[in-house]
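Okay, so here's the structure we're looking at.
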DNA sequence: CAGGCATACTCGTATAGACGAGTGGGCAAG
DNA sequence: CTTGCCCACTCGTCTATACGAGTATGCCTG
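Protein chains in written order, with my numbering: chain X, 1 to 261; chain H, 1 to 261.
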């Protein structure tokens, strides 16, 4: 065990590239080439210290680069491991089509079942509250809204956190204000209430998570979030719902179909 | 200058939260509350060492957390600054509509001009090459493809890097294989060649950038990329182009309209 | 054989010090 | 006044050391 297998090369002392970057480069390349496979343990800090003849902080700096890239994850007491690329969940753009709604189950549950995963919905909160500036603008200057918060899990792993906002004059006193909105979800209820849906607008951003998002989604470091804001419009052009969704980016691929007209 | 303005509190020695995290928390909160504004300089490492009575590495650890979150950026010799949230570029889902194409200018140029920014296209490369497994699959098992690579800049800042892949039997010898594809871009040429476009499929992922992406997009640390793969289908259902796009996530909001049918 | 403990190995946190390198301002020489 | 140098301040990199805490293993004891 004195010398690491020839998986890793030597440092170039003449290079102006910082040592900890050189080490990170070599590890990254070894991972990319499959020398270290998904879930596999990297050499320990001590082994790399020995192999490269550098101090421990330097090795740790290298690891922290790779963590920032989402390539590896450290586990206290065990080692540093190559992060598995988790199976991703595809969100098709037609998931809110009326025909799906008519089957009664929510899009999330249906899709997860189809993929053979165990879906779960969590931390449901339904309450009236003051609209933020942004939500108010999107809903057309409403002051207070009904907020429906929930977290989605797949095989026990939280992957998505979503909040729906609805104007009180639409939602108050209806089943939409109940924890369980009934078959087909709130879109089905909206249509029953005479708010026939015309189209959705979706805005997509990606960014690094806030600490609270890291917590609720149990995100590894180096995993961004996809922030999706969907507004539902009825046939009169009125916005009837805004849904604010934060997704673990390593769990999702969004998919859209656009006409070429 | 002996004591920092009361912008920052004290450490809680009884807390089990690591000191460098407590410091990061305080700085983050101060930034969120606007105590430090966009572009403003944070206290220097030395000042924080003094204020909190910790070692320099501990302060640097705190900064590295905030950098990982994309909240701050260090500038060598100057200080650590609150990252400005750059103005974002919206990509509408109808940007490839035929009516836009008929005006002759590319979507990027038109949109940027409209937003009052100075657009630029860069590092153009057009060549035939072997298709990767993924591209080959998407294009329907083609072996070799025409690849068109280009980088887009906005007011001098690179924001997007894109590669279009086309089957050789469609593109070879046409103006599509020229550096300048002519007015309306390659979609206009495809239609002229009889490949009438029917629809597009877009796949969206978000992830941390690779080192080479950091370089070509000049990304600050803590900025994810949006990875968009668009496939264009003609009216016969044949995929005629795959466009692989990597965007700086802090420069873009994607926007889609979906029918509620 | 089963349970529990000791131990070695892992990463996490923190200190202290050293030198390098980029930036900007002030001062001195021309 | 202008030029150029020096210096103070900034972050970047690296070393060496120490202790804490989580994990796994194997041995020892009952």
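The beta carbon of each residue, even a glycine, is placed where N, CA and C say it ideally should be.
For residue 255 (chain X), the pairing in a beta bridge is given by DSSP as H:203. In this structure, DSSP gives residue 30 (chain H) a helical state, which the three-state scheme calls helix. When DSSP states are grouped into helix, strand and coil, residue 37 (chain X) belongs to the coil group. As for any alpha helix (DSSP H) of minimum length 4 sitting wholly inside the stretch 181-247 of chain H, the runs are 185-192 and 211-216, ordered along the chain. The beta carbon of residue 230 (chain X) sits closer than 6 Å to those of 200, 202 and 243, all from its chain and outside the five residues before and after it, given in chain order. For residue 120 (chain X), the enclosing beta strand (DSSP E) starts and ends at 119-130. When Cβ-Cβ separations below 8 Å define contact, residue 258 (chain H) makes contact with chain X. Contacts with chain X at 8 Å (Cβ-Cβ) do not include residue 110 (chain H). Residue 72 (chain X): not part of any alpha helix (DSSP H); member of the beta strand (DSSP E) spanning 72-75, first to last residue. Leaving aside the five residues that flank residue 124 (chain H) on each side, the residues in its chain whose CB is nearer than 6 Å to its CB run, in chain order, 150 and 179. Within chain H, no C-beta atom comes nearer than 7 Å to that of residue 186 (chain X); the closest sits roughly 13 Å away. Listed in chain order, the non-local C-beta contacts of residue 227 (chain H) below 6 Å within the same chain comprise 205 and 246, local neighbours out to five positions each way being set aside. In this structure residue 154 (chain X) does not touch residue 220 (chain X) by the C-beta definition: roughly 15 Å separates them, more than the 8 Å allowed.
Between the alpha carbons of residue 50 (chain X) and residue 129 (chain X) lies a distance of about 58 Å.
Nearest to residue 207 (chain H) by alpha-carbon distance, out of X:47, X:67, X:41 and X:16, is X:67. Within the stretch 122-179 of chain H, the complete alpha helix (DSSP H) segments at least 4 residues long are 133-139 and 168-171, listed from N- to C-terminus.
Judged by their CB atoms, residue 39 (chain X) and residue 72 (chain X) are not nearer to each other than the 8 Å cut-off.
If you check the CB distance, residue 26 (chain X) and residue 8 (chain X) come in under 8 Å. Counting the other Cβ atoms within 10 Å of the Cβ of residue 55 (chain X) gives fewer than 16, which makes it exposed.
DSSP places residue 108 (chain X) in the helix class (H, G or I) of the three-state scheme.
Here DSSP, grouped into helix, strand and coil, assigns residue 83 (chain H) to coil.
Collapsing the DSSP output to three states places residue 66 (chain H) in a helix.
Under the Cβ distance rule, residue 128 (chain H) does not count among the residues neighbouring chain X, no pair being separated by less than 8 Å. Residue contact check for residue 197 (chain H) against chain X: a CB pair falls below 8 Å. Taken in chain order, the members of the stretch 65-91 of chain X whose beta-carbon sits within less than 7 Å of a beta-carbon on chain H are 68, 69 and 70.
By the 16-neighbour rule on beta-carbons within 10 angstroms, residue 224 (chain H) is buried.
At a cut-off of 8 Å between C-beta atoms, residue 222 (chain X) counts as an interface residue with respect to chain H. In terms of beta-carbon proximity, residue 106 (chain X) stays away from the interface with chain H, with every pair separated by 8 Å or more. Counting the other Cβ atoms within 10 Å of the Cβ of residue 234 (chain H) gives 16 or more, which makes it buried. Rounded to the nearest whole angstrom, the CA to CA distance from residue 257 (chain H) to residue 119 (chain H) is 25 Å. Distance from the CA atom of residue 162 (chain H) to the CA atom of residue 147 (chain H), rounded to whole angstroms, is 10 Å. Proximity of residue 261 (chain X) to chain H, defined by a Cβ-Cβ separation below 8 Å, is satisfied. Contact between residue 184 (chain X) and residue 101 (chain X) holds, with the beta-carbon distance rounding to 5 Å and staying under 8 Å.
Residue 240 (chain H) sits close to residue 170 (chain H), with the two beta carbons spaced by under 8 Å.
Between residue 156 (chain H) and residue 11 (chain H), the alpha-carbon positions lie close to 43 Å from each other.
In the DSSP secondary-structure assignment, residue 89 (chain X) is bridged to X:252.
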